[in-house]
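Protein chains in written order, with UniProt numbering: chain A, 1 to 653; chain B, 1 to 480. First the structure, in the form of structure tokens, and then the observations on it.
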Amino acid sequence: MFSLRGRGLWVAASLSRQHLPSARLSGDCSAPGSPHFDVVVVGGGHAGTEAAAAAARCGSQTLLLTHRVDTIGQMSCNPSFGGIGKGHLMREIDALDGLCSRICDQSGVHYKVLNRRKGPAVWGLRAQIDRKLYKQNMQKEILNTPLLTVQEGAVEDLILTQPEPGHPGRCRVSGVVLDCWGLNQVLHAKHKFYPGRGFTSVVPPPASQAEGPEFDGRYQKKKKKFYLCAVLPNPMDGSAVHAESVILTTGTFLRGTVVIGLETHPAGRLGDQPSIGLAQTLEKLGFVVGRLKTGTPPRIAKESIDFSILNKQTPDDPSVPFSFVNETVWIKPEDQLPCHLTHTNSAVDAIILENLHLNSHVKETASGPRYCPSIESKVLRFPNRVHQVWLEPEGMDSDLIYPQGLSVTLPAELQQKMILCIRGLEKAKMVQPGYGVQYDYLDPRQIEPSLETHLVQRLFFAGQINGTTGYEEAAAQGVIAGVNASLRVSRKPPFIVSRTEGYIGVMIDDLTTQGTSEPYRMFTSRAEFRLSLRPDNADSRLTFRGYEEAGCVSQQRYNRAAWMKSSLEEGISVLKSIEFSSSKWKKLIPQVSISTSRSLPVSSGERKVQALAPTYVMSAEGVIFVSTLATSFCILACQKQQQAPSSFCTGSH
Amino acid sequence: MWRELRTLAAWGPRSLCTAPGATIFALSSGRGRCGVAVIRTSGPASRQALRSLTAPRALPLARRASLRLLCDPRSGAPLDRALVLWLPGPQSFTGEDCTEFHVHGGPAVVSGVLQALGGVPGLRPAEAGEFTRRAFAHGKLSLPEVEGLADLIHAETEAQRRQALRQLDGELGHLCRSWAETLTKALAYVEAYIDFSEDDSLEEGVLEQADREVRALEVALVSHLQDARRGQRLRSGAHVVVTGPPNAGKSSLVNLLSRKPVSIVSPEPGTTRDVLETPVDLAGFPALLSDTAGLREGVGPVEQEGVRRARERLEQADLVVAVLDASDLASPSSRDFLDTIVAPLAHPDPSGSSPRLLLVLNKSDLLPAEGPHPQPGPHPHLLLSCLTGAGLDGLLGVLKKELAVVCGDPSTGPPLLTRARHHHHLQRCLDSLGHYKGAADLALAAEALRTARRHLTQLTGGGGSKEILDVIFQDFCVGK
């Protein structure tokens, strides 16, 4: 009945209906002896894990509540992290000492920086990730985080009290009501049902389609039993958890529905129950609720694909790590896995167009994303075109391939038929069908930039509940919500990243001021200050603030960032100290055009040129800067000289 | 109103924050005794205001003029029999519910109706320019249209009115918006290339397409900027400077053209010592006519200062009217004037920045009726007698032609840039497009396009990054 932190494994604690571990005895708690935490995080996805870890880093006694401990760190959609814009977010998460970047450096199987040829401001760090490794490493990290307790359970309701004066909000959240013990019994009964998956160890989710629905059916049966259990005396007694702040990161679970063809069944993710009680609670509180949809492609057996006829993409050598604290990733480039590229064709179009009547997801009114569209929407909006399909490995020893770009909700047999039309997949075996998910989200204009809700004090939202899509977007919000939930407990001012400081700020500002009508994904084009918000300088933008204002950054990371900062400043001053006439510069670096309008000698780093063997040199408005490490700070220096912040002012907000 | 509009232009987005909900009312026609005065209201309580003043009659049909007896809602005392209009939003000037009361123009009637409106709950007197500000805030008018409206209200000459009306119709705004759309599209191509080209299937040649759009836009901007501030001159008046040697009849010409005695006229040389300005309507074009001291050396310090001011004024001139005494062309002062002032202006430098020249030979009445007329060198000239008025029609005709060149003809051709603001932003936009072409780093190139677009959208308002994304998703099939 307590977490075994520090041992790597954690016992699913609430199996027996006893009290949760009490983080500290609370004086004002209505039910004496009931557990009390500073911060309770509901949901163990990418937002929830980051939120819980961030709150714990900030010094709060934190409880992470999740349906199943064994799904913590699950990558439920694509087997990759990062990308253009998303890679920027990951660097910023890392700068605030978040988890996902470090975990990715331990779990990737194919690292590649996108946009190499387009300038350092838009480089996109990306990696294919081994699902199993990521989950293992994330669970290890979460279960070993000091001050963080993990508990299985489903939240049915919020405990509300009188609002604090001096803050907006109708009421204040002071805890959650769990519906956990019966549910856990059901879940663990299931675990016992399968030999070898004891509930004391971390078990993988049902991996295949064969297991999913079957599991669903059994669950329903068990659920009846659960209700019988629920009439046992005083079920509420052990199910209230008191908290100073509550973070909801329910993902697609709020009234989640999985759609395959014309079949729909309630589920937050294939094989996992949705949260319906909580959705009703939020609606009753007056939150404006919208509906979104997303989808995931089918999974294909690796050995059934003919890779020999397809274009192969090899990883970068050397790999660029996501985290500022890592010099390298865990795996050598030559040991990494390749990706392959294939394309759809007219036969695929035909199958989709002929079977639209069997496809309820596409016709629904809920808004899907324009930028991660299903193959159906691509065919409908851009007919007679060929669409890319990336065949991505799911892990080192996984026999599954994830066909990126083939998100589809047709009935399973038609999905198989469609796959067979594609080059290289002529003999492919579909292991799990693609499916769509429809879910409730809460209009993000109802939250502050700290991610606290306007309506309920000390209630924070992060992740897909705010209408975003993507692991990185969710994780970034998780960090901010975790930090702010903790700061709120200690009555400190909120930690807000502005849109001039980071992509995190751009995203939260967009969401909280403009809302969203489709799942929100990060792009570099959303950032007005793109030239200064680069992946390479995320630490100088956020680490110091995170250390000083939020306390979410470790001393070690702070020292490292401080060392980097002083090195850069030294480098810049060296560069600036070197002055030649523009004709001399022209002789030294002939490929660069130097504006002669400036009569003063142009200063730059000849010493850097020699010391660092530059990859390229570029000029803007007469200032030359030299690349490799120097690129980043030179652009920075250039901007500081050339562009006062006011010249960046835009009309967008 | 005018001052208000200027602050509005500076404020931009802040004006959008004006508290909604309040209903405003004001006398919209001029003050003073008149036949009909128009009182307007705008805001959600307009309906209530109209009903309480016209009770017990029902609300009139929307957008139909109806005759109603207006009564003070508190006392019930009749105020006036008036034509009322009910203009429900959003199809109204401000975009809100509006009413208009066309009442008889006596001061007592107007103040009575205004007082009655002030007594209706939720109504307050409008601040200066508030109706227009609300129209802007609700997207009914773009910034150039607001400026055009202000110009229309202040238009004094025919050509000014035509220009203001064109601008109010949104021609300049439409042009800028179409440029901004082109630029948004080009930017969207570049942004799509940055965000999606590696991972998703973009069609070929996206960047080349952006380059083409930018080149076409550059050409359009350059040709438009060449209008050389004609629109601004038309709006604020062209500078017409009358100059010449002493006692050539400059002041007489100014008095003749302005049809009033602006300057003292005497046979004594050096009568005019300061610069005298008078705004005149010259054949429909606005002009600021400046009478200057006769140009000569070796006189007293006061007149010398006048000569210095005259030369200074010459440098600001859009059109120089050089006046000479036709009967005295051979004198040293006339010859000197022809050599130092007229000759350089007659052969302007190719940049086109020097003013245009009109050479007038005054005192034609003193010339012998027959015989060869004097020739002031190779320059084209006009003969005039300020005394008899002979040659005045010819002069006015030529002046009109010259002013049309200087100010531009507002009824034909592309809409003109009427303000320095327009010129500034277009020039900056053009500069940024140059940076776009020069940038090797695509992120820097995109930044240049963003800056260019920002300058265009500052002309019209609007322009967020969301619009770029909309174009990206409309034009490309992107996504994993």
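The beta carbon of each residue, even a glycine, is placed where N, CA and C say it ideally should be.
Item checked: Nearest-angstrom Cα separation, counted from A390 (chain B) out to L314 (chain B) -> 27 Å
Next item on the list: Take S432 (chain B) as the anchor and find which of B:A155, B:L217 and B:P121 has the nearest alpha-carbon.
Entry: With distances taken between Cα atoms, S432 (chain B) lies closest to B:L217.
Item checked: Of the residues A:D335, A:K135, A:L133 and A:L310, the one placed nearest H110 (chain A), counting alpha carbons only -> A:D335
Item checked: Straight-line Cα distance separating V176 (chain A) from V246 (chain A) -> Separation of V246 (chain A) and V176 (chain A) (C-alpha to C-alpha, rounded to the nearest whole angstrom) is 8 Å.
Next item on the list: Report the residues of the stretch 422-448 of chain B with a CB closer than 9 Å to any CB of chain A, ordered along the chain.
Entry: H435, G438, A439, A440, D441, L442, A443, L444, A445, A446 and E447
Margin query: When you compare the CB positions of C100 (chain A) and H46 (chain A), do they come within less than 8 Å of one another, or not?
Written below: At a Cβ-Cβ threshold of 8 Å, C100 (chain A) and H46 (chain A) count as neighbours.
Note to self: Quick check on E171 (chain B): does DSSP put it in helix, strand or coil?
What the structure shows: helix
Item checked: Own chain partners of residue 482 (chain B) with C-beta closer than 6 Å, once the 5 adjacent residues on each side are dropped -> Outside the modelled stretch of chain B, which goes from 1 to 480, sits residue 482 (chain B), for which no answer is possible.
Check: Can you give the Cα-Cα distance for residue 481 (chain B) and T99 (chain B), rounded to whole angstroms?
Finding: This structure does not reach residue 481 (chain B), given that chain B is present from 1 up to 480, and the question cannot be answered.
Note to self: Measuring alpha carbon to alpha carbon, tell me which residue in B:L367, B:V241 and B:R230 is nearest R309 (chain B).
What the structure shows: By alpha-carbon distance to R309 (chain B), the top candidate from B:L367, B:V241 and B:R230 is B:V241.
Note to self: Counting only beta-carbon separations shorter than 8 Å, does R299 (chain A) have a partner in chain B?
What the structure shows: no
Note to self: Below 8 Å on the Cβ atoms is my contact criterion, and I expect L292 (chain A) with P79 (chain A) to pass it. Report the Cβ-Cβ distance as a whole number of Å.
What the structure shows: L292 (chain A) to P79 (chain A), Cβ: 22 Å. No contact.
Item checked: Classification of P204 (chain A) by the beta-carbon crowding that lies within 10 angstroms, buried from 16 upward -> Residue placement at P204 (chain A) cannot be trusted, given a pLDDT of 33 that sits under 50; the coordinates are not used to answer.
Item checked: Residue closest to K302 (chain A), alpha-carbon to alpha-carbon, out of A:E164, A:S525 and A:G395 -> A:G395
Next item on the list: Mind listing, in chain order, the continuous alpha helix (DSSP H) runs of no fewer than 4 residues lying wholly within the stretch 459-527 of chain A?
Entry: 471-489 and 503-514
Next item on the list: Would you mind reading off the limits of the beta strand (DSSP E) that contains P266 (chain A)?
Entry: E263 to P266
Next item on the list: Could you check the C-alpha separation between Q555 (chain A) and H425 (chain B) for me, to the nearest Å?
Entry: 49 Å
Note to self: Contact criterion: CB-CB distance below 8 Å. Does I194 (chain B) meet it with respect to chain A?
What the structure shows: yes
Notebook entry, point to check: Which bits of chain B does R530 (chain A) rub up against, with CB to CB less than 8 Å?
Noted result: Neighbours of R530 (chain A) on chain B, chain order: A443, A446 and E447.
Next item on the list: Give the secondary structure of Y27 (chain B) by DSSP, where H, G and I count as helix, E and B as strand, and everything else as coil.
Entry: As written in the sequence, residue 27 (chain B) is Leu, which differs from the Tyr given in the question. It is a strand residue.
Next item on the list: Mind checking who Y402 (chain A) pairs with in its DSSP beta bridge?
Entry: A:E392
Item checked: Contacts around L338 (chain B), its chain only, beta-carbon distance under 7 Å, and the 5 residues preceding and following it disregarded -> P376 and G377
Margin query: Taking only three categories from DSSP, how would you classify H455 (chain B)?
Written below: helix
Check: Hey, G295 (chain A) and G87 (chain A): beta-carbon distance below 8 Å or not?
Finding: The answer is no: Cβ separation not under 8 Å.
Next item on the list: Please list the partners that residue 486 (chain B) has in chain A, where partner means a Cβ-to-Cβ separation under 7 Å.
Entry: Nothing can be reported for residue 486 (chain B), as the shown portion of chain B is limited to 1 through 480.
Notebook entry, point to check: Could one say the Cβ of E191 (chain B) lies closer than 8 Å to chain A's Cβ atoms, at least one of them?
Noted result: yes
Margin query: Using only the alpha-carbon positions, how far apart do Y441 (chain A) and P78 (chain B) sit?
Written below: Approximately 57 Å, taken between the alpha carbons.
Next item on the list: Please classify G585 (chain A): does DSSP put it in a helix, a strand, or coil?
Entry: The question names Gly, yet the displayed sequence has Trp at residue 585 (chain A). Here W585 (chain A) sits in helix by DSSP.
Notebook entry, point to check: Would DSSP call H381 (chain B) helix, strand or coil?
Noted result: coil
Note to self: Once the 5 residues before and after G294 (chain B) are set aside, which same chain residues still bring their CB inside 6 Å of it?
What the structure shows: P245 and P246
Notebook entry, point to check: Under the DSSP definition of a beta bridge, which residues are partnered with residue 657 (chain A)?
Noted result: With chain A represented from 1 up to 653, any question about residue 657 (chain A) goes unanswered, as that position is not in the structure.
Note to self: Can you confirm whether K118 (chain A), when its beta carbon is compared against all beta carbons of chain B, has any partner nearer than 8 Å?
What the structure shows: For K118 (chain A), the nearest beta carbon of chain B is closer than 8 Å to its own beta carbon.
Next item on the list: May I have the straight-line CA-CA distance separating T460 (chain B) from F324 (chain A), to the nearest angstrom?
Entry: 44 Å
Notebook entry, point to check: Taking the C-alpha atoms as reference points, what is the distance between H67 (chain A) and E392 (chain A)?
Noted result: Those two C-alpha atoms are separated by around 29 Å.
Check: Given L382 (chain B), which residues of its chain have a CB within under 8 Å of its CB, disregarding the five upstream and five downstream residues?
Finding: Once the five neighbours on either side are set aside, the close Cβ partners of L382 (chain B) are L358, L359, V360, L361, G391, G394, L395 and V398.
Check: What residues in its chain sit with their C-beta under 6 Å from that of A287 (chain B), if we drop five residues either side in the sequence?
Finding: G237, A238, V240 and V280
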